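Start counting the sequence shown at 645; every next residue gets the next number (this note's numbering). Glycine included, every Cβ here is placed at the ideal spot set by N, Cα and C. None of these values were measured; they are calculated from a predicted model. Here's the structure, in structure tokens; my notes come after.
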Amino acid sequence: MKRLLDSIVENNKKWTREGNVASYIPELSKVDREHIGICVSTLDGEEYCSGNSELKFTIQSISKIITLMLAIIDNGKKYVFSRVGMEPTEAAFNSIINLEAKNPQKPINPMINAGAIATVSMIAGNDGKETFNRILKFTRKISGNPEININEAVYKSEKETGNRNRALAYFMKSTGVLKGDVEEILDVYFKQCSMEVTCGDLARIGSMLANDGVLPWNGQRVVPRDVARIVKTIMVTCGMYDASGEFAVHIGVPAKSGVGGGILACVTRRMGIGVVGPSLDEKGNSIAGMKVLEELSKEMDLSIF
Ligand code: GLU
């Protein structure tokens with residue numbers, strides 16, 4: 645396995661030169677685009693890594709699957725999906741158009757920014773601080789890494805410049821989707837996006853999902869089976885922004901990407917996968933990361949379709 649990962653990383657290094665690193669969050673533009681890394685975490689607890697797998701990067705939108713799990717655990721699926729939809733969209737992750745044009749009362753899915761901000765507003769906590777601490781604690785638990793923390797510089801940068809997300813949130817406040825203090829909810833969202841992870845962390849979260857909600861390394865159930873199933877399904881239909889269809893055709897596994905360059909993927913009953921490559925295509929997905937996953941999927945026949 646290690647040899648296979650080494651050769652896949654080598655074959656796909658060239659892709660790190662394509663595309664651009666995210667710059668709309670100024671701090672993200674400082675990352676090195678040359679990086680490429682992968683970790684695979686199998687259900688028997690083995691971990692195989694290659695390339696810049698030690699690199700720390702911010703989780704960004706991959707955190708949306710974590711907050712979706714917590715929101716459903718806290719409120720039940722019926723309530724969560726009464727307030728946020730589950731349909732894919734062809735609009736960009738930070739688009740406001742569907743909110744106004746389709747259904748002002750219900751963001752279209754929990755993987756776009758509007759839906760994710762609505763989802764995080766449903767997570768229990770007496771205030772934003774407590775809510776975020778629950779998210780951080782849960783992330784540490786499902787990744788088996790008690791050291792995960794936020795990258796303060798990215799958090800500040802995102803908070804200072806996150807006016808598009810502010811617009812989405814205030815729009816949703818005006819239509820009654822968001823209950824509670826908008827700035828406090830946004831602060832939790834900015835913090836969850838700024839959590840710093842490695843490919844290994846993503847691979848282990850993926851392996852928990854691949855194992856239907858049970859941590860493979862100690863047998864502890866951390867997510868109900870039904871919640872793991874829902875999250876994986878939404879990852880297939882909405883996880884790769886408006887490129888989810890193409891990703892399903894070429895790679896064919898549940899996955900979630902983030903503008904930090906990471907992608908978390910999982911193959912039920914087989915493995916979790918974390919990849920990183922900070923340079924993104926115009927839809928916000930890591931170019932090298934997708935190429936690495938495509939080759940791995942072909943080599944190991946991972947597609948679920
Ligand atoms: N923090 C980013 C934003 O809200 C997350 C976007 C992403 O990773 O897709 O714009």
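Paired residues, beta bridge with Cys910 - DSSP: Beta-bridge pairing links Cys910 to Gly916.
Taking Asp831 as the reference, which of Gly857, Lys781, Val866, Ala762 has the closest Cα? Residue Ala762 holds the alpha-carbon nearest to the alpha-carbon of Asp831 among Gly857, Lys781, Val866, Ala762.
Pick out every residue whose C-beta is nearer than 6 Å to a heavy atom of the ligand GLU: which are they, in chain order? Contact residues of the ligand GLU (beta-carbon closer than 6 Å to any heavy atom; chain order) are Gln704, Ser705, Phe737, Asn738, Asn757, Glu802, Asn809, Cys837, Gly902, Val903, Gly928.
Every unbroken beta strand (DSSP E) inside the stretch 659-727 [3 residues or more]: The stretch 659-727 contains these whole beta strand (DSSP E) runs: 681-686, 691-695.
From the DSSP output, read off the bridge partner residues of Glu840. Thr702, per the DSSP bridge assignment.
Which value, in whole angstroms, describes the spacing of the CA atoms of Ile682 and Gln704? About 17 Å.
Is the beta carbon of Glu678 less than 9 Å from the beta carbon of Thr660? Yes, these two residues count as a Cβ contact at 9 Å.
Determine, using beta carbons only, whether Asn809 and Tyr833 come nearer to each other than 9 Å. Cβ distance < 9 Å, so Asn809 and Tyr833 count as in contact.
Beta-carbon proximity list for Lys750, same chain, < 6 Å, skipping 5 on both sides: Excluding sequence neighbours, Lys750 sits near Gly729.
How about Pro754 and Phe815: are their beta carbons less than 9 Å apart? Not in contact: Pro754 and Phe815 (Cβ atoms no closer than 9 Å).
What is the DSSP secondary structure of Val936, counted as helix, strand or coil? Note: Val936 maps to helix in three-state DSSP.
Under the three-state DSSP convention, the category Ile794 falls into: Under the three-state reduction of DSSP, Ile794 is assigned to strand.
Apply the 10 Å Cβ neighbour rule to Thr842 and answer buried if 16 or more other Cβ atoms are within range, or exposed otherwise. Its Cβ being crowded by 16 or more others within 10 Å, Thr842 is buried.
Are the Cβ atoms of Val871 and Ile706 separated by less than 9 Å? Note that the C-beta distance between Val871 and Ile706 is not below 9 Å.
To the nearest whole angstrom, what separates the beta carbons of Glu671 and Ser801, a pair I think is in contact under 8 Å? About 3 Å; that satisfies the 8 Å criterion.
State the Cα-Cα distance for the pair Ser739 and Pro898, rounded to the nearest angstrom. When the Cα atoms are used, Ser739 and Pro898 turn out to be separated by approximately 23 Å.
In terms of DSSP beta bridges, what is Ala899 paired with? Answer is Ala909, bridged to Ala899.
Taking the alpha carbon of Ala892 as the point to measure from, which residue in Gln864, Glu938, Ser697, Gly906 has its own alpha carbon closest? The residue with the shortest Cα to Cα distance from Ala892 is Glu938.
On the criterion of 16 or more Cβ atoms from any shown chain inside 10 Å, does Phe949 qualify as buried, or is it exposed? Its Cβ having fewer than 16 others within 10 Å, Phe949 is exposed.
Other residues of its chain near Ile829: CB distance less than 8 Å, five sequence neighbours each side excluded: Excluding residues within five positions, the ones whose Cβ falls inside 8 Å are Ile761, Val764, Ser765, Gly772, Ala813, Leu822.
Can you check whether the CB of Ala932 is closer than 9 Å to the CB of Gly921? Gly921 is a Cβ neighbour of Ala932, given a cutoff of 9 Å.
Can you give the Cα-Cα distance for Lys876 and Lys708, rounded to whole angstroms? Lys876 and Lys708 have their C-alpha atoms spaced approximately 12 Å apart.
Just verifying my parser: in three-state terms, what is the DSSP assignment at Leu859? Leu859 carries a coil assignment under DSSP once its states are collapsed to helix, strand and coil.
Whole angstroms are fine: how far does the CA of Arg784 sit from the CA of Thr711? Rounded to the nearest angstrom, the two C-alpha atoms are 13 Å apart.
For Ser694, which residues of its own chain have a beta-carbon under 6 Å away from its beta-carbon, when the five flanking residues on both sides are left out? Cβ contact annotation for Ser694 (same chain, cutoff 6 Å, sequence separation greater than five): Leu649, Asp650, Val653, Ile682, in chain order.
Which word fits Pro732, buried or exposed, when buried means at least 16 other C-beta atoms lie within 10 angstroms of its C-beta? Classification of Pro732: buried, given that the 10 Å Cβ count is 16 or more.
Assuming Asn664 and Ile680 form a contact by the criterion Cβ under 8 Å, report the distance between their Cβ atoms to the nearest whole angstrom. Asn664 to Ile680, Cβ: 15 Å. No contact.
Rounded to a whole number of angstroms, what is the C-alpha to C-alpha distance between Ala768 and Leu780? Between Ala768 and Leu780, the C-alpha separation is close to 13 Å.
Using only the alpha-carbon positions, how far apart do Lys900 and Ser787 sit? Roughly 15 Å separates the two Cα atoms.
Report the residue from Met944, Asn696, Arg727 whose alpha carbon sits nearest the alpha carbon of Lys817. For Lys817, the nearest C-alpha among the options comes from Arg727.
Quick one: what's Leu924 bridged to in DSSP? Paired residues: Asn664, Ser930.
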